[in-house]
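Novice: One structure coming up, written as structure tokens, with questions to follow.
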Amino acid sequence: MAELQQLILDLLDANGSIPDTRTLTIPGQSQPAASQDAQIIVLGALNSLLSREMVTFESHETLAHALTPEGTQIAVEGSHEARVWAALPAKGQGAPVTVPKLKELVGNEAASVGQGRAFKNKWIEKEGDGFVRKAETIQDSTKLDMLEVQSTGTLKTGDNVLADLRKRKLIVQRKAQWFTVAKGSNFSTSTAKPETDLTAEMLTSGAWKTSTFKKYNFDAEGAPTTGGSLHPLLKVREEIRSIFLEMGFAEMPTGSFVESGFWCFDALFVPQQHPAREVQDTFYLSDPPRSLDPEPKYYKTVSTVHEHGGFGSTGYRAPWSHDETTKLLLRTHTTASSAHMLYKLAARCRGESVDEDDRPTASVSASANKSPSGVDDGFRPAKLFSIDRVFRNETLDATHLAEFHQVEGVVADRNLTLADLIGFMKVFFSKMGIQQVRFKPAYNPYTEPSLEIFAFHPMLNRWVEVGNSGMFRPEMLEPMGFPKDVRVHGWGLSLERPTMIRYGINNIRTLLGHKTSIDAIENSPAPML
């Protein structure tokens with residue numbers, strides 16, 4: 001490109017103008033730049049010089065011809081008829097070549113087309129069941145025509161031959177460009193590019209005094225700005241939220257990232273000696289280190305069930321530590337918020353006055369308000385959900401983060417069964433577009449029976465755990481004041497893993513953090529609402 005630019009400038013300096021760029025010979029090429037491909041190279045050099053106002057040029061259009069793929073092959077290998085002639089022996093100097101053998105030598109198309117044209121040109125003749133050469137020498141005019149068109153875009157022999165070549169689909173007619181060039185306002189024979197930036201080195205050395213700087217284009221348009229895009233997590237979050245609301249759930253408040261050990265573990269009947277409460281699994285706060293004490297009567301009931309049993313349970317028969325229950329921590333699950341809401345839901349059952357604005361809503365059925373004896377015991381069914389952030393001291397890998405989102409839900413009603421929970425989860429995931437769901441028996445301290453939930457990940461080609469579920473134990477519910485026939489379904493689902501399945505992401509570390517693709521976020525499809 002630099003050599004071509006210098007050639008253009010030298011010609012302008014010597015002649016004042018270049019009337020037709022098709023007369024140029026591009027450095028490194030032997031033929032004038034008559035072809036359209038060559039003129040495209042010339043145009044690139046002219047545009048570069050024009051941007052520095054060193055030249056001006058006018059564009060002209062004309063009709064030219066270019067080779068088709070078949071024409072290009074002929075320019076390299078020869079015409080079909082010449083290849084047929086070359087494959088045959090001279091008359092009397094070898095066995096005639098049959099048609100099947102000829103197809104093996106030159107190919108089906110060359111044999112079929114070339115045989116007829118070679119006969120027409122009297123290059124070959126039939127002998128027995130095969131063919132031999134008739135002409136001792138030939139001139140492959142078709143190949144020569146292809147080379148001329150390739151070089152100049154036309155033929156000196158005239159329009160009749162061009163029309164025949166177009167009919168044979170060896171060439172196509174196209175518009176071609178060529179240019180006339182004149183000197184610009186900043187004409188110079190030097191192609192040194194002007195500086196675009198004033199650097200500290202120029203100021204220090206004084207080189208800026210003799211440097212040529214490119215003019216600043218104040219009329220140039222800036223890079224187009226793009227609008228914001230929702231992260232895939234937010235899209236799936238809104239989808240899940242819409243599904244819950246469509247199914248009659250009410251959203252729980254979950255703004256408290258910091259919880260006490262009592263609400264995160266003790267109220268859920270998690271033993272104080274459970275491994276999940278170790279520092280290896282939970283982030284504890286150092287300042288402030290302690291929470292306020294919970295309501296005394298409820299606190300006493302919970303501690304008694306843990307240490308000595310009650311409500312049909314023998315408890316854990318382990319010493320109770322008040323220090324353990326008042327530790328502050330980053331919540332490990334949003335079930336702590338569910339425990340708060342269930343405690344409020346049971347207030348009427350405990351005979352306490354209830355602020356209707358603060359009471360969980362979304363009743364399951366009006367008929368479930370009364371106990372089997374027909375007496376209103378204060379219980380009101382409810383369906384509640386939340387989607388928020390939780391924290392666990394996890395080792396990061398392709399499917400685990402230390403900070404992630406949990407989809408939490410509870411259904412409280414009389415005489416619920418495990419079959420109700422399985423049926424609900426299948427409907428819930430089908431609404432998300434995840435049809436392949438499995439359940440596996442599991443152990444949770446606060447649910448019995450318990451189920452782990454797995455969904456098939458097509459990118460990982462394996463089943464991935466997406467949540468945990470079960471029916472809350474009486475040791476958790478009855479200390480809150482719920483009647484014995486009330487059952488509560490509880491489940492916690494990951495938000496990240498369904499998002500990974502939905503968007504075909506196989507590494508959670510590319511979903512969040514510095515490895516996240518901005519283009520992928522902008523182009524991710526909307527959720528299926």
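Position one of the sequence shown corresponds to residue 1 (UniProt numbering), numbered consecutively onward. The beta carbon of each residue, even a glycine, is placed where N, CA and C say it ideally should be. Here the structure is a predicted model, which means the values were calculated and not measured.
#1: Mark asparagine 415 as exposed unless 16 or more other C-beta atoms lie within 10 angstroms of its C-beta, in which case mark it buried.
#2: DSSP has methionine 471 in a bridge; who is on the other side?
#3: Anyone know if the C-beta pair for aspartate 281 and arginine 392 falls short of 8 angstroms?
#4: Can you find the residues in the same chain that come closer than 7 angstroms, C-beta to C-beta, to alanine 402, ignoring five residues on each side of it along the sequence?
#5: Rounded to the nearest angstrom, what separates leucine 495 and valine 407 at their Cα positions?
#6: Can you tell me where the alpha helix (DSSP H) with isoleucine 74 in it begins and where it stops?
#7: Taking the alpha helix (DSSP H) that tryptophan 85 falls in, what are its first and last residues?
#8: Rounded to the nearest angstrom, what separates histidine 400 and serine 386 at their Cα positions?
#9: So, with DSSP's three-state summary, where would you put asparagine 47?
#10: Only counting the same chain, and skipping five residues up and downstream in sequence, which positions put a Cβ closer than 6 angstroms to that of threonine 180?
#11: Taking threonine 447 as part of the alpha helix (DSSP H), name the residues at either end of that continuous run.
#12: Between Leu328, Glu295, His274 and Thr304, which lies nearest to proline 289 when the distance is taken from Cα to Cα?
#13: For tyrosine 343, count neighbouring Cβ atoms within 10 angstroms of its own Cβ and tell me buried if that reaches 16, exposed if not.
#14: Alpha carbon to alpha carbon, how far is glutamate 352 from tyrosine 298? Give it in angstroms, no decimals.
#15: According to DSSP, is arginine 509 part of a helix, a strand, or is it coil?
#16: Residues in the same chain with beta-carbon distance under 8 angstroms from lysine 134, minus the five sequence neighbours each way, listed in chain order, please.
#17: Start and end of the beta strand (DSSP E) containing asparagine 444?
#18: Between lysine 101 and the rest of its own chain, which residues show a CB-CB distance below 8 angstroms, the 5 nearest in sequence each way excluded?
#19: Could you spell out the range, first to last residue, of the beta strand (DSSP E) harbouring lysine 297?
#20: Rounded to the nearest angstrom, what separates glutamate 465 and arginine 497 at their Cα positions?
#21: Where lysine 120 and threonine 21 are concerned, what is the direct C-alpha to C-alpha distance, given to the nearest angstrom?
#22: To the nearest angstrom, how far is the alpha carbon of leucine 170 from that of glutamate 136?
#23: Buried or exposed: asparagine 444, going by 16 or more other Cβ atoms within 10 Å of its Cβ?
#24: Within its chain, find whatever has a CB closer than 7 angstroms to the CB of alanine 45; leave out the 5 residues flanking it on each side and keep chain order.
#25: Does the contact criterion of 3 or more C-beta pairs under 8 angstroms hold for the stretch 375-389 versus the stretch 247-258?
Specialist: So, from the data block:
#1: The residue given as residue 415 occupies position 415 in the sequence shown. Exposed is the call here.
#2: The residue given as residue 471 occupies position 471 in the sequence shown. His489, per the DSSP bridge assignment.
#3: In the sequence shown, residue 281 corresponds to position 281, counting from 1. In the sequence shown, residue 392 corresponds to position 392, counting from 1. Yes, the pair counts as a contact, with Cβ atoms nearer than the cut-off.
#4: Residue mapping note: residue 402 aligns to position 402 of the sequence shown, counting from 1. Result list for alanine 402: Phe391, Arg392, Asn393, Glu394 and Leu396, in chain order.
#5: Locating residue 495 in the sequence shown gives position 495, where the first residue counts as 1. Locating residue 407 in the sequence shown gives position 407, where the first residue counts as 1. Leucine 495 and valine 407: Cα-Cα distance of roughly 6 angstroms.
#6: Here residue 74 refers to the residue found at position 74 when the sequence shown is read from its first residue. Counting along the chain, the alpha helix (DSSP H) containing isoleucine 74 begins and ends at 69-77.
#7: Within the sequence shown, the letter at position 85 stands for residue 85. Taken as a continuous stretch (DSSP letters only), the alpha helix (DSSP H) holding tryptophan 85 covers 80-87.
#8: Taking the sequence shown and counting its residues from 1, one reaches residue 400 at position 400. Taking the sequence shown and counting its residues from 1, one reaches residue 386 at position 386. Using only the alpha carbons, I get a separation of about 21 angstroms.
#9: On the sequence shown, position 47 is the one that residue 47 refers to. Three-state DSSP puts asparagine 47 in a helix.
#10: Position 180 of the sequence shown, counted from the first residue, corresponds to residue 180. If we look at threonine 180 and ignore the five residues flanking it on each side, its Cβ neighbours are Pro19 and Glu58.
#11: Residue 447 sits at position 447 when you count from the first residue of the sequence shown. Counting along the chain, threonine 447 falls outside any alpha helix (DSSP H), though it belongs to the beta strand (DSSP E) covering 447-457.
#12: By 1-based counting over the sequence shown, the position of residue 289 is 289. When each option's Cα is compared against that of proline 289, the closest is Leu328.
#13: Working through the sequence shown from its first residue, we reach residue 343 at position 343. When all chains shown are included, tyrosine 343 counts as buried.
#14: The residue given as residue 298 occupies position 298 in the sequence shown. The residue given as residue 352 occupies position 352 in the sequence shown. Looking at the two C-alpha atoms, the distance is approximately 13 angstroms.
#15: As a first step, residue 509 must be located in the sequence shown, where it is residue number 509. The answer is helix: DSSP assigns arginine 509 an H, G or I state.
#16: Translated into the one-based positions of the sequence shown, residue 134 becomes position 134. The residues are Lys91, Lys122, Trp123, Ile124 and Glu125.
#17: Locating residue 444 in the sequence shown gives position 444, counting from the first residue. 437-444 is the span of the beta strand (DSSP E), which, as asked, contains asparagine 444.
#18: Counting from 1 along the sequence shown, the entry for residue 101 is found at position 101. Cβ neighbours of lysine 101 beyond the five flanking positions: Gly130.
#19: Within the sequence shown, the letter at position 297 stands for residue 297. Taken as a continuous stretch (DSSP letters only), lysine 297 belongs to no beta strand (DSSP E), being part of the alpha helix (DSSP H) at 296-307.
#20: Numbered from its first residue, the sequence shown carries residue 465 at position 465. Numbered from its first residue, the sequence shown carries residue 497 at position 497. Approximately 8 angstroms between the Cα atoms of the pair.
#21: Working through the sequence shown from its first residue, we reach residue 120 at position 120. Working through the sequence shown from its first residue, we reach residue 21 at position 21. Cα to Cα, lysine 120 sits roughly 41 angstroms from threonine 21.
#22: Within the sequence shown, numbered from 1, the residue matching residue 170 stands at position 170. Within the sequence shown, numbered from 1, the residue matching residue 136 stands at position 136. Straight-line Cα distance between these residues: approximately 27 angstroms.
#23: Counted from its first residue, the sequence shown places residue 444 at position 444. Under this definition asparagine 444 is a buried residue.
#24: Within the sequence shown, numbered from 1, the residue matching residue 45 stands at position 45. If we look at alanine 45 and ignore the five residues flanking it on each side, its Cβ neighbours are Met1, Leu4, Gln5 and Ile8.
#25: yes
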